[in-house]
Amino acid sequence: MRLLFLGPPGAGKGTIAELTSQAYDIPHISTGDIFRMNIRNKTDLGTQVQQILASGDLVPDSITIKMVHNRLAEDDAQKGFILDGFPRTIAQADALAVFTAIDHAVNFIASRELIIKRLSGRRVAKESGKIYHMTYNPPKVDGKCDITGEPIIQRPDDKEDAVANRLEVYEQQTAPLISYYREKGLLRDVDASGTPEEIFDRVEKLIQ
Ligand code: AP5
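With my numbering, letter number 185 in the sequence shown gets 408, and the count goes up by one each step, no holes.
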């Protein structure tokens with residue numbers, strides 16, 4: 224199964240991608256996570272993209288396309304994958320079509336109000352990569368990751384200014400992909416409200 228998850232920031236793509244990855248035993252490939260891992264490890268790529276991510280702008284296509292091309296060439300991606308956060312521009316979608324076909328583009332539909340609620344309450348654990356929400360999915364011990372015990376923090380791009388920019392960038396550069404995949408007959412719209420289990424059920428029905 225070769226899936227890609229489209230949708231605005233905070234729609235819950237990463238959360239549902241994790242459930243899908245476990246259920247179908249295919250890797251969850253999040254371009255945002257790969258960039259953040261590089262920032263954490265202070266690689267050249269990480270240094271190059273740190274400010275871009277903090278502001279909510281997009282990393283240049285040339286860098287992102289090469290990174291995804293390399294990742295999809297790895298062994299675990301040969302049985303299928305979930306691309307979360309890629310493509311985000313028409314140029315990225317055209318490049319993807321050259322190096323692989325996909326089965327479904329799942330489009331997560333969420334209201335602005337829901338997006339803001341989800342992003343403002345999100346907290347993450349850098350080491351374990353686990354995603355929490357202060358209201359919907361808090362850790363067992365206040366402020367600490369369930370897996371590693373490390374402090375959980377707010378992503379720099381979840382601050383108010385960066386969120387506003389990310390939503391703008393989404394509308395300008397990524398939303399056109401909805402028509403792009405609809406015209407190819409690959410788009411599957413999913414209502415992204417409700418619990419993760421309810422949304423995952425909807426996604427399963429769409430892709431089966
Ligand atoms: P990326 O990490 O991809 O960020 P995003 O697309 O903005 O998506 P998010 O991670 O914010 O949201 P999500 O939809 O995954 O929601 P989540 O499941 O976490 O990209 C970050 C940056 O990297 C970009 O701004 C850009 O700079 C760069 N980048 C990445 N890809 C790029 C590309 N292709 N080209 C160029 N640049 C690129 O959920 C959010 C919160 O809600 C969590 O707290 C979660 O616990 C909670 N939640 C989720 N679902 C539910 C639910 N059903 N009920 C209750 N709470 C829920």
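We put the beta carbon where it would ideally sit given N, CA and C, even for glycine.
For this session: Since I believe Ile332 is in contact with Ser351 (beta carbons under 8 Å), could you give me their beta-carbon distance rounded to a whole number of angstroms?
Result: Between Ile332 and Ser351 the Cβ distance is about 29 Å, and since that is not below 8 Å, they are no contact.
For this session: For Asp299, collect the residues of the same chain with a Cβ closer than 7 Å to its Cβ; drop the 5 residues on either side in sequence, then sort them by chain order.
Result: Pro250
Exercise. Does DSSP put Val321 in a helix, in a strand, or in coil?
Worked result: helix
For this session: Tell me whether Asn293 is buried or exposed, calling it buried when 16 or more other Cβ atoms sit within 10 Å of its Cβ.
Result: exposed
For this session: Confirm the yes/no value for this check: CB of Gln315, any heavy atom of the ligand NAP, distance under 7 Å.
Result: What this structure holds is the ligand AP5, not the ligand NAP.
For this session: Would you give the residue range spanned by the alpha helix (DSSP H) that Val291 belongs to?
Result: 284-295
Exercise. Do the CB positions of Arg346 and Ile313 come within less than 8 Å of each other?
Worked result: no
For this session: State the Cα-Cα distance for the pair Glu421 and Leu242, rounded to the nearest angstrom.
Result: 11 Å
For this session: Hey, could you find the ends of the beta strand (DSSP E) Phe309 is sitting in?
Result: Segment: none, Phe309 is in no beta strand (DSSP E) and carries neither H nor E.
Exercise. Per DSSP, Val386 forms a beta bridge with which residues?
Worked result: Looking at the DSSP assignment, Val386 forms no beta bridge with any residue, so it has no partner.
For this session: State the DSSP-derived secondary structure class of Tyr359, mapped to helix, strand or coil.
Result: coil
Problem set entry | His356 Cβ short of 7 Å to the ligand AP5 heavy atom set | yes
Exercise. Looking at the structure shown, is Asn261 part of a helix, part of a strand, or coil, going by DSSP?
Worked result: helix
Problem set entry | The beta strand (DSSP E) enclosing Arg485, as first and last residue numbers | Look at the range of the chain in this structure, 224 to 431, and you will see that residue 485 is not part of it.
Exercise. Grouping DSSP H, G and I as helix and E and B as strand, with all else coil, what is Val426?
Worked result: helix
For this session: For the stretch 260-279 and the stretch 381-401, state whether three or more C-beta atom pairs, one from each stretch, are separated by less than 8 Å.
Result: yes
Exercise. Thinking C-alpha only, which one of Gly408, Pro379, Lys363 is nearest Gly372?
Worked result: Lys363
Problem set entry | Option nearest Ala328 by Cα separation, candidates Pro232, Pro231, Asp412 | Asp412
Problem set entry | 8 Å Cβ cutoff met for Asp326 and Ser253 | no
For this session: Starting from Lys407, follow its DSSP beta bridges and name the residues at the other end.
Result: DSSP output for Lys407 lists no bridge partner at all.
Exercise. Asn330 and Gly230 look like a contact to me (Cβ under 8 Å); what is the Cβ gap, rounded to whole Å?
Worked result: 6 Å
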